[in-house]
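Taken in order, these protein sequences are the chains called A and B.
Counting in the numbering used here, the first sequence tops out at residue 232, every number present.
Counting in the numbering used here, the second sequence tops out at residue 232, every number present.
Cβ coordinates follow ideal geometry from the N, Cα and C atoms, glycine included.
Here is the structure we will look at, set down as structure tokens.
Number of protein chains: 2
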Amino acid sequence: MRDRLSPPVARPATRRVTLSVDVILLTSHARRLTLLLTRSPDPRAKERWETPWDTVRVGETLESAAERIARSALGAPPAMIEQVGAVGGKRHPGDAEVSVAFLGLVAAGSLAPTGGDTAWFPVDELPPVPPRHRSLIESALQLLRSRIDQSPIAFRLLPPTFTLSQLQEIYELLLGRRLHKASFRRALHAAWLVEPTDEWRTEGRGRPAQLFRFAPRKRRGGRRGVRFGIAE
Amino acid sequence: MRDRLSPPVARPATRRVTLSVDVILLTSHARRLTLLLTRSPDPRAKERWETPWDTVRVGETLESAAERIARSALGAPPAMIEQVGAVGGKRHPGDAEVSVAFLGLVAAGSLAPTGGDTAWFPVDELPPVPPRHRSLIESALQLLRSRIDQSPIAFRLLPPTFTLSQLQEIYELLLGRRLHKASFRRALHAAWLVEPTDEWRTEGRGRPAQLFRFAPRKRRGGRRGVRFGIAE
DNA sequence: GACATTAGTAGCAATATGTGAATAATTCGC
DNA sequence: GCGAATTATTCACATATTGCTACTAATGTC
Chain A
1 MRDRLSPPVA
11 RPATRRVTLS
21 VDVILLTSHA
31 RRLTLLLTRS
41 PDPRAKERWE
51 TPWDTVRVGE
61 TLESAAERIA
71 RSALGAPPAM
81 IEQVGAVGGK
91 RHPGDAEVSV
101 AFLGLVAAGS
111 LAPTGGDTAW
121 FPVDELPPVP
131 PRHRSLIESA
141 LQLLRSRIDQ
151 SPIAFRLLPP
161 TFTLSQLQEI
171 YELLLGRRLH
181 KASFRRALHA
191 AWLVEPTDEW
201 RTEGRGRPAQ
211 LFRFAPRKRR
221 GGRRGVRFGI
231 AE
Chain B
1 MRDRLSPPVA
11 RPATRRVTLS
21 VDVILLTSHA
31 RRLTLLLTRS
41 PDPRAKERWE
51 TPWDTVRVGE
61 TLESAAERIA
71 RSALGAPPAM
81 IEQVGAVGGK
91 RHPGDAEVSV
101 AFLGLVAAGS
111 LAPTGGDTAW
121 FPVDELPPVP
131 PRHRSLIESA
141 LQLLRSRIDQ
151 SPIAFRLLPP
161 TFTLSQLQEI
171 YELLLGRRLH
181 KASFRRALHA
191 AWLVEPTDEW
201 RTEGRGRPAQ
211 LFRFAPRKRR
221 GGRRGVRFGI
231 AE
């Protein structure tokens, strides 16, 4: 089988392709998911905005390149970074044949002083971006939604301490639907994911809310049955 | 921000890297997950087995390259193929700087007539493989387990018609634990994923089992609450 | 102080899940 | 042919989880 792919001993030189690392940086702002875009440096570019990207430098891994690109665009490292995947086909602003996309999450409130070359856009009101970036953004959002219950994604979109209403708001944002307050809190406490601090926040009107922090505890091995969540 | 990455108008040529596409082919056999490996064509290779891989040819996408490699190794296309992700670092048998891994699922029973250069190994009894392949196999298995309840993975590991005991066996294999028969079936029927055929299979001794086929129906919009499954 | 507003809980009905055991349809040994 | 062994399928019931309405609490506004 392999023989058909390459000669038995001396293998052909692996073909070289142009490769980029592209970073999707997301945060929550004003009850909306927002994405960081940078202005295209090329005035002839078809689209004026694109996600931060660069090539991998010598000695860098894909991850360290993604971290560098994110830090450079934000002025600070994101709270979490995760690979989305690799894609080719579709036009890339630097004409990279293959792009490896990373998703970076930024805590709400730490929106960098968006300089003239970077700006945050609500994900449902994006300006035109290059086709490959459009597709990577879609993939990143899908990843975000599919991992929300397995990974501490929601907590990375919040500052270290937060109110339970803020947390619920993030979940509603990511899931795209309203959640019931009592049920949400009951499930949250049952999961031992947060612990209360002794601080309270007054948000203008209404009763002050207690602040919590993310502090997951080992959970007693609750062996649940299978959940058939297959949509297709 | 972008300015620091590249000059305003004329961008630097995107750096070229050697790239491979590596395919993890899995099936279920004798109550075990098994993986297809090909014999290394290089007698000086440190490891004698590796997962099928090749470079991307001109005009191919990553996906079509993965399909070609899988078809070439199996003699037939896999039932499903999905990207695992991209990795660098760690030694690759062809010294590719970056590898994009794909997971391919093969229906049980269609084990190709494993020629002299390819063979199936139980995933928990693999011979030594190159470090990058070892790592990709781990990632693929993790992906498999994390998607089992969202994607029809289990069904792709089975022939078009199957008994519910076979299906449960696959779930137990992937989840690594026993499931209770009655609960499993109740949840399965509630999810409207299978429909009975009018065939029965006699498996030697015991009562014959009815054969079912995968036939997911649109499910009444069961808006469930949040499940906090975060381990950390 | 009455009211609007947001936070946090109680309690109960409706569902879902865990489990043991009953019932069904075969083959095997004799 | 008959009973034991084996595998499939379902029932029934105890427990656990979830959905929801309504209630209490603590604040700012007027």
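Buried versus exposed call for Val58 of chain B [16 or more other C-beta atoms within 10 Å across all chains shown]: On the second sequence, position 58 is the one that residue 58 of chain B refers to. Result: exposed.
Best match in A:Ala190, A:Ala108, A:His189 for proximity to Pro160 of chain A [C-alpha to C-alpha]: Taking the first residue of the first sequence as 1, we reach residue 160 of chain A at position 160. Taking only the C-alpha atoms, the option nearest Pro160 of chain A is A:Ala108.
Outcome for Asp22 of chain A when other beta-carbon atoms lying within 10 angstroms are tallied against a minimum of 16: Counting from one through the first sequence, the residue named residue 22 of chain A turns up at place 22. Burial call: buried.
Element boundaries [alpha helix (DSSP H), containing Glu67 of chain A]: Position 67 of the first sequence, counted from the first residue, corresponds to residue 67 of chain A. Note, Glu67 of chain A: alpha helix (DSSP H), 62 to 74.
CB contact check: Gly225 of chain B to chain A, cutoff 8 Å: On the second sequence, position 225 is the one that residue 225 of chain B refers to. Answer yes: the Cβ-Cβ gap between Gly225 of chain B and chain A drops below 8 Å somewhere.
The stretch 113 to 131 of chain A touching the stretch 36 to 55 of chain A, judged by at least three CB pairs closer than 8 Å: yes
Of the listed residues A:Ala73, A:Ala66, A:Val84, A:Ser151, nearest to Ser139 of chain A (C-alpha basis): The residue labelled residue 139 of chain A in the question sits at position 139 within the first sequence. The candidate whose alpha carbon is nearest that of Ser139 of chain A is A:Val84.
Chain-order list of residues whose beta-carbon lies under 8 Å from that of Leu167 of chain A (same chain, five-residue window excluded): Counted from its first residue, the first sequence places residue 167 of chain A at position 167. Closer than 8 Å at the Cβ level, and outside the excluded window around Leu167 of chain A, lie Ala154, Phe155, Leu158, Leu188, Val194, Phe212.
Glu125 of chain B - DSSP class collapsed to helix/strand/coil: Within the second sequence, the letter at position 125 stands for residue 125 of chain B. Coil at Glu125 of chain B, not helix or strand.
Exposure of Ala66 of chain A, with buried meaning 16 or more beta-carbon neighbours within 10 Å: As a position in the first sequence, residue 66 of chain A is number 66, starting the count at 1. Buried, by the Cβ-count rule.
Residue environment, Gly94 of chain A, which counts as buried when at least 16 other CB atoms sit within 10 Å: Along the first sequence, one-based indexing puts residue 94 of chain A at 94. Gly94 of chain A comes out buried.
Rounded separation between Ser165 of chain B and Ser146 of chain B - CA only: The sequence position of residue 165 of chain B within the second sequence is 165, counting from 1. The sequence position of residue 146 of chain B within the second sequence is 146, counting from 1. Distance between the alpha carbons of Ser165 of chain B and Ser146 of chain B: 22 Å.
CB contact below 8 Å: Pro122 of chain A versus chain B: Position 122 of the first sequence, counting from 1, holds the residue named residue 122 of chain A. Not closer than 8 Å to any Cβ of chain B, the Cβ of Pro122 of chain A fails to qualify, so no.
Of the residues A:Arg205, A:Ala182, A:Lys218, A:Glu125, the one placed nearest Gly225 of chain B, counting alpha carbons only: Start at 1 with the first residue of the second sequence, and residue 225 of chain B comes out as number 225. Closest option to Gly225 of chain B, Cα to Cα, is A:Ala182.
Proximal residues to Phe184 of chain A (C-beta, below 6 Å), its chain only, five neighbours per side dropped: For this step, residue 184 of chain A is matched to residue 184 along the first sequence. Counting only Cβ-Cβ distances below 6 Å, and skipping sequence neighbours, we find Gln168.
Residues in the stretch 125 to 153 of chain B having any Cβ partner in chain A nearer than 7 Å: Ser146, Asp149, Gln150, Ser151, Pro152
Asp288 of chain A burial status per 10 Å Cβ neighbour count (16 or more: buried): Look at the range of chain A in this structure, 1 to 232, and you will see that residue 288 of chain A is not part of it.
Beta-carbon neighbours of Gln83 of chain A, restricted to chain B and to distances below 8 Å: One-based indexing of the first sequence puts residue 83 of chain A at position 83. Near Gln83 of chain A (Cβ distances below 8 Å), the residues of chain B are Gly85, Ala86.
Alpha helix (DSSP H) segment containing Leu136 of chain B, residue limits: The residue given as residue 136 of chain B occupies position 136 in the second sequence. Note, Leu136 of chain B: alpha helix (DSSP H), 131 to 147.
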